[in-house]
């Protein structure tokens, strides 16, 4: 994983300097009234990376909805910072033949409506999750039965051993198997839930919810934490404050000024250009959440022209280069790296096979030649451009220019991120409200294996947005599951890397680190890739 200078022009650097100077000169932030809650010792006011609109953490992989899920739901098992599977809501046993997994719910589990959590609730939740999650689909391919054998016991029987089952069920993202009441989990996996009764350490205050603006959570007094210390998603989820309020502030300067002035307590993602403001404040702590960081990438729609044609997808990949995307997105090369590995650089399965043009900055002339060879007929490429998330605004603009230089007719359509999250689920033709390409980011830990990477899924309509139908990819994933040891798995993973790049399942555009900032009196925050609000405290 190599770092590169950003190669900005003098004009770009001048623009960044003007932006920084303006931010430094600003003394008052324009802050929503709710942000005054930061003065309350029992309330944490946070500005997250995006506004929250979609409340069902099973029907979307949006990180803000996943974060919401961890606030109000719990999980059966979870991983700690060493990626070790730990009991959470349940202990577990595995039969000697690897065909039967038995989960036993611990005492004291209760939903927010006062009803006890039962095995039937867990079974319904797991089944709904298994319809949408990439890894869950693989488990249910070999599931003979999943049933509640009594109120506290879940018995999961397989037709053949599936060694990664616990790792997949315990994963922290992209779609964790959150436990909901059975009446909620029985909602079709294609429909959004409307009942937000949870099982976790916080309750969702529905009457105070302003979609895309603010969301409020209150401590669930009847939640019984585990006795072990909190560690990533595992251990005791002890809540030390009464309320957590998430505010939306799309303007980075406004959010930073609000943090410096004490009007908010926490900023999930900071704009790298503006870090000097935060670093100069003695009342603010700036830190990298996760040393592996995020991968940014582009995803095309396989259902509609022009990207239903593999050659045209290949031309698009050839047109793109990582350096200009990362330099515009992050700016400071200390916080980004060129990386062509679909499973992320710095992970056991990292391979950069096939990513040469991406790492070299793209090859627009070769892309144009391939586009002509494919017979591209100037079909518009509807490129969705989110405008309100700092870490998602640059990629569409840079990619649109790169695609145009290669000869694509790009129709870039601006929208907020939550609108994009909703629209990307549409399989309609681009002219009828659908889309051709969008850009997103994943935490490296959640894409580090073909069993959990949501984008490495070739199941057509059951795959992640873009819906590639790719039996060869599915066969490779089966090989990965059957591999006997780490060396064999790495060999299969390299073939998956080559296949994904060849078919342009998606376009990896490099890795970057995110920097969070908090007031110095916000202490004991768990350094997990997913920002969580248990254990965290607010000192006087």
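Numbering (this note's numbering), first residue to last: 186 to 725. Backbone N, C-alpha and C fix where the C-beta goes; we use that ideal spot for every residue, glycine too. All values reported here derive from a predicted model rather than from experimental measurement.
Please determine, among the options, the residue with the shortest C-alpha to C-alpha distance to residue i.
i	options	result
residue 237	326, 394, 696, 348	394
residue 673	466, 378, 533, 461	533
residue 635	680, 618, 608	680
residue 441	295, 461, 424	461
residue 506	362, 641, 543	543
residue 508	500, 522, 486	522
residue 682	342, 265, 697, 658	658
residue 246	648, 689, 707	648
residue 471	282, 229, 703	703
residue 319	717, 675, 653	653
residue 327	372, 334, 341, 335	341
residue 502	662, 572, 513, 545	545
residue 684	313, 538, 253, 230	538
residue 564	662, 253, 285, 594	594
residue 630	228, 356, 270	356
residue 308	617, 623, 286	286
residue 597	655, 568, 468	568
residue 709	490, 610, 417, 291	417
residue 434	572, 492, 632, 278	572
Using the Cα positions of residue i and residue j, report the straight-line distance between them to the nearest angstrom.
i	j	result
residue 643	residue 691	12 Å
residue 725	residue 427	15 Å
residue 714	residue 242	17 Å
residue 225	residue 375	40 Å
residue 339	residue 602	38 Å
residue 678	residue 536	8 Å
residue 580	residue 410	41 Å
residue 482	residue 646	21 Å
residue 651	residue 607	13 Å
residue 311	residue 363	8 Å
residue 528	residue 625	15 Å
residue 289	residue 367	17 Å
residue 171	residue 349	Nothing can be reported for residue 171: it is not among the residues displayed for the chain, which extend from 186 to 725.
residue 347	residue 668	11 Å
residue 576	residue 329	42 Å
residue 476	residue 698	7 Å
residue 211	residue 706	A caution first: residue 211 carries a pLDDT of 39, below 50, which makes its placement in the model unreliable, though a value can still be read off. If you take the alpha carbons of residue 211 and residue 706, they lie about 23 Å apart.
residue 221	residue 439	Here the model assigns residue 221 a pLDDT of 46, short of 50, so the residue's position is not dependable and the matter cannot be decided.
residue 239	residue 388	16 Å
residue 365	residue 382	7 Å
residue 324	residue 251	21 Å
residue 206	residue 478	Confidence is the limiting factor: at residue 206 the pLDDT is only 40, short of 50, which leaves the residue's position unreliable, though a coordinate-based value still follows. Cα-Cα distance, rounded: 28 Å.
residue 721	residue 230	12 Å
residue 582	residue 516	15 Å
residue 486	residue 664	26 Å
residue 671	residue 531	16 Å
Could you check whether the Cβ of residue i sits closer than 8 Å to any Cβ belonging to chain C?
i	result
residue 570	Given the protein chain composition of this structure (a single chain), no chain C is represented.
Inspect the beta-carbon positions of residue i and residue j and report whether they are closer than 8 Å.
i	j	result
residue 232	residue 473	no
residue 295	residue 407	yes
residue 574	residue 621	no
residue 422	residue 612	no
residue 235	residue 249	yes
residue 686	residue 446	no
residue 585	residue 547	no
residue 384	residue 431	no
residue 552	residue 512	no
Looking only at DSSP bridge pairs, what is residue i linked to?
i	result
residue 654	644
residue 416	419
residue 704	469
residue 689	DSSP lists no partner for residue 689.
residue 228	428
residue 185	Residue 185 lies beyond the residue range present for the chain, which begins at 186 and ends at 725; the question has no answer from this structure.
residue 461	Paired residues: none, contrary to the question.
residue 626	481
residue 507	Partner(s): none; residue 507 has no beta bridge.
residue 599	570
residue 402	389, 429
Can you say whether residue i is buried or exposed, counting buried as having 16 or more other CB atoms within 10 angstroms of its CB?
i	result
residue 401	buried
residue 358	buried
residue 712	exposed
residue 380	exposed
residue 336	exposed
residue 156	Look at the range of the chain in this structure, 186 to 725, and you will see that residue 156 is not part of it.
residue 723	buried
residue 396	exposed
residue 448	buried
residue 373	exposed
residue 656	exposed
residue 315	buried
residue 188	A caution first: residue 188 carries a pLDDT of 34, below 50, which makes its placement in the model unreliable, though a value can still be read off. Classification for residue 188: exposed.
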